[in-house]
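Colleague: Chains as they are written, first to last, in the numbering used here: chain A, 782 to 1072; chain B, 392 to 651.
Using N, Cα and C, we set each Cβ at its ideal position, and we do this for glycine too.
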């Protein structure tokens, strides 16, 4: 292509000044350049900037609300949120809601993860059984479980059990698929070694398959805690008498925007707390189990 | 031989894929006396691994029988010790618990298995590593642990599938001497698969040379070199001649001395 264009009539690119084809190869530039290095700030400086950003944002928000630039009716304002937060905690309502959401999340997390892990590992026992179950598992995986929330509320009622059920539904299938991946990743030679030693199926399962799956199950814990919380909140949105999700819904529908913010912040804090706890659990388990 | 420890009677293996038949192992008769060290050498696809899988009961043969001490052991697992190419140590078990695994599967309580394994670890070069995890061991150490695990199960016949294939030359040499020491101490019947002709001759009482397509044994060479053997043996004319004979057979340069 390039060679042809030089034969075209008229002004070719090469005839422009500065772009003229040179005789011989282009000489390389002499490079006199240092390795680019970014100076890393000390931690206190980084934290200071982070805090300054937050404080600046809150001040702008408050000022905006005061001067009418931000509609405090829809967006509330930091001072109002702070006051509402104090009332929320002082009245004791906060603790009831936190306990309620925390309980259903934790129960859904434990039930969904362990039942899923057991179900996934059970597929090791028979390839026929696994093949028969596979389409159903994939179907269940593809259903948006949250869409079933109204149905689950109908079946399990308004109480805690329906929230636990939704949280379980969200975590169960993911855990099943992950545990099954773990089963499939078991080294076939390792299995042959066990059988050559004369092992029974049960011995292979307890001494090889189950321990091999442990790292896979650990890897799903952090994802599942988030999913379980989502399930609980959505359950509370649909129908509930307690919980942070219900508080958000209730406050929103009565235009108590500052309470919405308070509940959202508390929820974030709860979420972070559980995430950190699970991350710690993961670390402990990995140290004890995985080499 | 009526008192053969391990006998293969007319054992063959034919795979059928897409209507095509592939003979992995042509009918083979083999008898091995107790306490002998036998090597199988041959190119890839000559059926060495197939023989091992059949003897270990992990694969039913297309025809024929496997006899151990004269009893039919075809398709029975747990009748022989089998060490695969990889060490296959469980990463979540300590070296000691890995070595005790075979005994544990045979119903020995783990505590007792540990007690029985610990002195052997000390004696065979793994002292001080009992409580370590396999990931912190060198390749040679791991192979030692894997071999001890195999030997601690009381099977008279032990199959070793290229156990030193992945080791560097120096480690390999020391492992061979270590294996000879173990062989002397334990008195098991060993069948050893290797690509390395020198290794086969150095270790064995008998070398079976195999060929592929179809997998078959083309010659059986007795190695009548005295034991215990020393590394200097490999440069003696007798050893070199044996090695050359095997290599020639493997490369198809010489016709086997007797029809297979």
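In whole angstroms, give me the CA-to-CA distance for residue 616/B and residue 594/B.
Modeller: In the second chain, counting from the first residue as 1, residue 616/B sits at position 225. In the second chain, counting from the first residue as 1, residue 594/B sits at position 203. Straight-line Cα distance between these residues: approximately 10 Å.
Colleague: From residue 579/B to residue 543/B, what does the alpha carbon distance come to, in whole angstroms?
Modeller: In the second chain, counting from the first residue as 1, residue 579/B sits at position 188. In the second chain, counting from the first residue as 1, residue 543/B sits at position 152. If you take the alpha carbons of residue 579/B and residue 543/B, they lie about 11 Å apart.
Colleague: In whole angstroms, what is the alpha-carbon distance linking residue 1025/A and residue 891/A?
Modeller: Along the first chain, one-based indexing puts residue 1025/A at 244. Along the first chain, one-based indexing puts residue 891/A at 110. Cα to Cα, the separation comes out at about 20 Å.
Colleague: Going by Cα to Cα distance, which pick from 394/B, 494/B, 510/B is closest to residue 978/A?
Modeller: Translated into positions along the first chain, residue 978/A becomes position 197. Residue 494/B is the option with its Cα nearest to residue 978/A.
Colleague: Decide yes or no for the touch test of the stretch 394-402 of chain B against the stretch 456-469 of chain B: beta carbon pairs closer than 8 Å, at least 3 of them.
Modeller: Enough Cβ pairs lie closer than 8 Å, so yes.
Colleague: How many Å lie between residue 844/A and residue 823/A at the Cα?
Modeller: Position 63 of the first chain, counting from 1, holds the residue named residue 844/A. Position 42 of the first chain, counting from 1, holds the residue named residue 823/A. For residue 844/A and residue 823/A, the distance between alpha carbons rounds to 32 Å.
Colleague: Do you know offhand how far residue 464/B's Cα is from residue 923/A's?
Modeller: Position 73 of the second chain, counted from the start, is the residue given in the question as residue 464/B. Position 142 of the first chain, counted from the start, is the residue given in the question as residue 923/A. If you take the alpha carbons of residue 464/B and residue 923/A, they lie about 49 Å apart.
Colleague: Against chain A, with Cβ distances strictly below 8 Å, would residue 479/B count as a contact?
Modeller: The residue you call residue 479/B lines up with position 88 of the second chain. Closer than 8 Å to some Cβ of chain A, the Cβ of residue 479/B qualifies, so yes.
Colleague: Quick check: is the beta carbon of residue 977/A nearer than 8 Å to any beta carbon in chain B?
Modeller: Here the question's residue 977/A lines up with position 196 in the first chain. By this cut-off, residue 977/A is an interface position.
Colleague: Starting from residue 832/A, trace the alpha helix (DSSP H) in both directions and tell me its first and last residue.
Modeller: Here the question's residue 832/A lines up with position 51 in the first chain. Segment 824-847, the alpha helix (DSSP H) holding residue 832/A.
Colleague: Taking the alpha helix (DSSP H) that residue 993/A belongs to, which residues open and close that run?
Modeller: Taking the first chain and counting its residues from 1, the one referred to as residue 993/A is at position 212. Counting along the chain, the alpha helix (DSSP H) containing residue 993/A begins and ends at 991-1019.
Colleague: If we define contact as Cβ-Cβ less than 8 Å, is residue 447/B a contact residue for chain A?
Modeller: Looking up residue 447/B in the second chain gives position 56. Residue 447/B counts as touching chain A.
Colleague: Check whether the Cβ of residue 544/B lies closer than 8 Å to any Cβ atom in chain A.
Modeller: Here the question's residue 544/B lines up with position 153 in the second chain. It does: the Cβ of residue 544/B has a partner Cβ on chain A nearer than 8 Å.
Colleague: What three-state label does DSSP hand residue 1036/A in the structure shown?
Modeller: For the purposes of this step, residue 1036/A is identified with residue 255 of the first chain, where counting begins at 1. Residue 1036/A: coil per DSSP, three-state reduction.
Colleague: Looking at the C-beta of residue 1052/A, does it have a partner C-beta in chain B at a distance below 8 Å?
Modeller: If you number the first chain from 1, residue 1052/A lands on position 271. Judged by the 8 Å Cβ criterion, residue 1052/A is not in contact with chain B.
Colleague: Given 8 Å as the limit, is there contact between the stretch 833-847 of chain A and the stretch 1005-1015 of chain A, that is, 3 or more CB pairs closer than that?
Modeller: No, because fewer than three Cβ pairs between the stretch 833-847 of chain A and the stretch 1005-1015 of chain A fall closer than 8 Å, the two stretches do not touch.
Colleague: Suppose the cutoff is 7 Å on Cβ atoms and the five residues either side in sequence are ignored; what does the same chain contact list for residue 783/A look like?
Modeller: On the first chain, position 2 is the one that residue 783/A refers to. Residue confidence for residue 783/A is low, a pLDDT of 49 falling below 50, so the modelled location carries little weight and cannot support an answer.
Colleague: What residues from chain B crowd round residue 980/A, counting only those whose CB sits closer than 7 Å?
Modeller: Here the question's residue 980/A lines up with position 199 in the first chain. Those within 7 Å of residue 980/A in chain B are 496.
Colleague: Look at the alpha carbon of residue 504/B and the alpha carbon of residue 511/B, and state the distance between them as a whole number of angstroms.
Modeller: By 1-based counting over the second chain, the position of residue 504/B is 113. By 1-based counting over the second chain, the position of residue 511/B is 120. The straight-line gap from Cα to Cα measures roughly 11 Å.
Colleague: State buried or exposed for residue 830/A, treating a residue as buried only when at least 16 other CB atoms are found within 10 Å of its CB.
Modeller: Here residue 830/A refers to the residue found at position 49 when the first chain is read from its first residue. So residue 830/A ends up on the exposed side.
Colleague: Can a CB atom of chain B be found closer than 8 Å to the CB of residue 965/A?
Modeller: Walking along the first chain from the start, residue 965/A turns up at place 184. It does not; no Cβ of chain B falls within 8 Å.
Colleague: Can you have a look at residue 936/A and say buried or exposed, based on whether 16 or more other CB atoms are within 10 angstroms of its CB?
Modeller: For the purposes of this step, residue 936/A is taken as the residue at position 155 of the first chain. Classification for residue 936/A: exposed.
Colleague: Leaving out five residues before and five after residue 917/A in sequence, what residues of the same chain have Cβ atoms less than 6 Å from its Cβ?
Modeller: Translated into the one-based positions of the first chain, residue 917/A becomes position 136. So no residue of the chain qualifies.
Colleague: Residues of chain B with a CB under 8 Å from the CB of residue 915/A: which are they?
Modeller: Taking the first residue of the first chain as 1, we reach residue 915/A at position 134. Correct list: empty, because the minimum Cβ distance to chain B is about 25 Å.
Colleague: In the DSSP assignment, what are the bridge partners of residue 611/B?
Modeller: Looking up residue 611/B in the second chain gives position 220. Answer is 599/B, bridged to residue 611/B.
Colleague: Quick check: the Cα distance between residue 827/A and residue 1053/A, rounded to an integer number of angstroms?
Modeller: Here residue 827/A refers to the residue found at position 46 when the first chain is read from its first residue. Here residue 1053/A refers to the residue found at position 272 when the first chain is read from its first residue. Between residue 827/A and residue 1053/A, the C-alpha separation is close to 21 Å.
Colleague: To be precise: take each residue of the stretch 448-475 of chain B, compare its Cβ to all Cβ atoms of chain E, and keep it if any distance is under 7 Å. Which residues remain?
Modeller: As a matter of chain content, chain E is missing from the structure shown, whose protein chains are A and B.
Colleague: Looking at C-alpha atoms only, which residue of 439/B, 635/B, 409/B is the closest neighbour of residue 415/B?
Modeller: Within the second chain, the letter at position 24 stands for residue 415/B. Per the Cα distances, 439/B.
Colleague: Relative to the C-alpha of residue 421/B, which residue among 631/B, 611/B, 561/B is closest?
Modeller: Against the second chain, residue 421/B aligns to sequence position 30. Nearest option by C-alpha distance: 611/B.
Colleague: Is residue 555/B buried or exposed, if buried means 16 or more other CB atoms sit within 10 Å of its CB?
Modeller: Along the second chain, one-based indexing puts residue 555/B at 164. Its Cβ being crowded by 16 or more others within 10 Å, residue 555/B is buried.
Colleague: In the stretch 461-490 of chain B, which residue ranges form an unbroken alpha helix (DSSP H) of at least 4 residues, counting only runs that do not cross its ends?
Modeller: Listed in chain order, the complete alpha helix (DSSP H) runs (minimum 4 residues) inside the stretch 461-490 of chain B are 486-490.
Colleague: So, at 7 Å on beta carbons, what are the nonlocal neighbours of residue 427/B in its own chain, with the 5 sequence-adjacent residues on each side left out?
Modeller: On the second chain, position 36 is the one that residue 427/B refers to. So the qualifying residues of the chain are 580, 596, 597.
Colleague: Have a look at 816/A, 874/A, 956/A and flag the residue whose alpha-carbon is nearest the alpha-carbon of residue 1009/A.
Modeller: Locating residue 1009/A in the first chain gives position 228, where the first residue counts as 1. It is 956/A whose Cα lies nearest to the Cα of residue 1009/A.
Colleague: Give the secondary structure of residue 394/B by DSSP, where H, G and I count as helix, E and B as strand, and everything else as coil.
Modeller: Stepping through the second chain from its first residue, residue 394/B is reached at position 3. Coil, per DSSP.
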